[in-house]
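Take the sequence shown: its letter number 103 is residue 102 in numbering that gives the first Met the number 0, and every next letter is one higher.
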Amino acid sequence: MAGVKAVGKTVAVIGSGISGLSSAYYIKRIAEEAHISIKVTVLEKDSAIGGKLRTESANGFTIECGPDSILASGAPAMDLFKELGLDGKLITQSTENRGTYILSGGTPMKLPEGMNGMLPTRLMPMLTTPLISVRGKLRAAMEPFVPRSKAEDESIAAFVQRRFGSEVYDVIAEPMCGVIYAVNPENASIRRTLPYLSRLEKEHRSILVHGLSARKGRGSGAAAPPVGERKCAIYPTVKSIDP
Ligand SMILES: Cc1cc2nc3c(=O)[nH]c(=O)nc-3n(C[C@H](O)[C@H](O)[C@H](O)COP(=O)(O)OP(=O)(O)OC[C@H]3O[C@@H](n4cnc5c(N)ncnc54)[C@H](O)[C@@H]3O)c2cc1C
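As structure tokens, then:
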């Protein structure tokens with residue numbers, strides 16, 4: 000081919016997760032733009048490609064086995080979707096069935112509205128949720144009176160149990176940590192994984208009071224607005240990609 004430098008090198012990319020696949024794609028693209036001829040080989044130890052990305056279909060449902068969404072606003076992934084011609088296949092969140100469900104006693108139950116990650120920002124949904132018992136709610140309501148921790152750091156589990164009680168931890172925080180952060184909250188540091196919560200405790204002591212008042216006034220800005228209220232964000236997933 001005219002203008003193409005024959006370099007003849009092979010680049011090996013180890014792993015076919017999204018990091019490996021996008022690296023391979025960009026290496027190839029950059030090389031082509033620089034008129035360099037290289038071969039890119041992606042090596043994968045599993046029988047399927049995609050790493051944590053895996054989609055299954057059952058009984059008419061599309062099931063994401065791991066990641067199910069990306070933040071659309073300003074995300075470089077959106078440029079990649081466009082480049083690959085996949086932007087027409089994006090599915091945005093359904094407003095009809097919006098919400099997060101937690102399996103509780105075998106029944107999917109809606110997470111109280113106004114949860115910003117782990118930060119409750121609305122009182123009524125917290126008070127009326129059937130997910131937590133009256134006893135658990137009373138314990139969580141004591142949160143404003145819980146003193147700040149003197150420890151430099153602690154696990155997410157210890158932090159949530161100390162501030163909100165063990166029921167809120169078992170029913171809400173533990174499953175959400177797995178889904179959102181893919182970590183074991185018993186081992187994960189609150190400072191590193193959820194620094195905004197650790198900071199809120201240091202600055203305001205009560206996370207509950209701050210969360211509720213921040214929503215009212217959007218005042219201190221220490222926490223981001225709840226996911227459902229971020230106007231610029233869509234959380235798309237891709238309908239299907241032909242192999
Ligand atoms: C339950 C869950 C939900 C998530 N939800 C979201 C979400 O909604 N949105 C979001 O943005 N992120 C989400 N994430 C995070 C996201 O899935 C990961 O950040 C991302 O998929 C990681 O991609 P990766 O390519 O870096 O790694 P991986 O997907 O882990 O891929 C690594 C690949 O390398 C292969 N490999 C490893 N070692 C070798 C070797 N020696 N030789 C050959 N191959 C090897 C592995 O088999 C694997 O295929 C979620 C994660 C989990 C677990």
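Here a beta-carbon is modelled for each residue, glycine too, at the ideal position from N, C-alpha and C. The model shown is predicted, which means the values in this text are computed figures rather than measured ones.
CB contact flag (residue i, residue j, <8 Å)
i, j, result
"P129", "M108", "yes"
"A187", "M117", "no"
"V170", "I206", "no"
"G50", "I17", "yes"
"I155", "L193", "yes"
"S258", "I48", "Given a span of 0 to 242 for the chain in the structure shown, any question on residue 258 remains unanswerable."
Own chain residues within Cβ distance below 6 Å of residue i, not counting five before or after
i, result
"P124", "P111, E112, G113"
"R138", "G164"
"T99", "L110"
Beta-carbon contacts of residue i that lie in its chain and below 7 Å, excluding the five residues immediately before and after
i, result
"V159", "V167, Y168, A172"
"G65", "K51, L52, R53"
"M175", "M117"
"L122", "L211"
"V133", "none"
8 Å Cβ shell around residue i - same chain, five flanking residues per side excluded
i, result
"T9", "I37, K38, V39, T40"
"A221", "Here the model assigns A221 a pLDDT of 41, short of 50, so the residue's position is not dependable, and the following value carries that caveat. So the list reads Y195, R198, L199, E202, H203, H209, A213, once near-sequence residues are dropped."
Length of the line joining the Cα atoms of residue i and residue j
i, j, result
"I26", "I90", "28 Å"
"G7", "I69", "36 Å"
"E153", "Y195", "14 Å"
"R191", "S165", "21 Å"
"A71", "I62", "20 Å"
"R162", "E142", "5 Å"
"G44", "T120", "Sequence inspection shows Lys at residue 44; the Gly mentioned does not correspond to that position. K44 and T120: Cα-Cα distance of roughly 44 Å."
"T127", "F144", "22 Å"
"I189", "I101", "22 Å"
"L78", "A140", "Reading off the sequence, residue 78 comes out as Asp, not Leu. Whole-angstrom Cα-Cα distance: 44 Å."
"H34", "D86", "28 Å"
Chain D contact for residue i (CB, 8 Å cutoff)
i, result
"E153", "The displayed structure is made up of one protein chain only, and chain D is not part of it."
>> Does the segment 138-152 come into contact with the segment 177-186, if we say contact requires no fewer than three beta-carbon pairs (one atom in each stretch) closer than 8 Å?
In response: no
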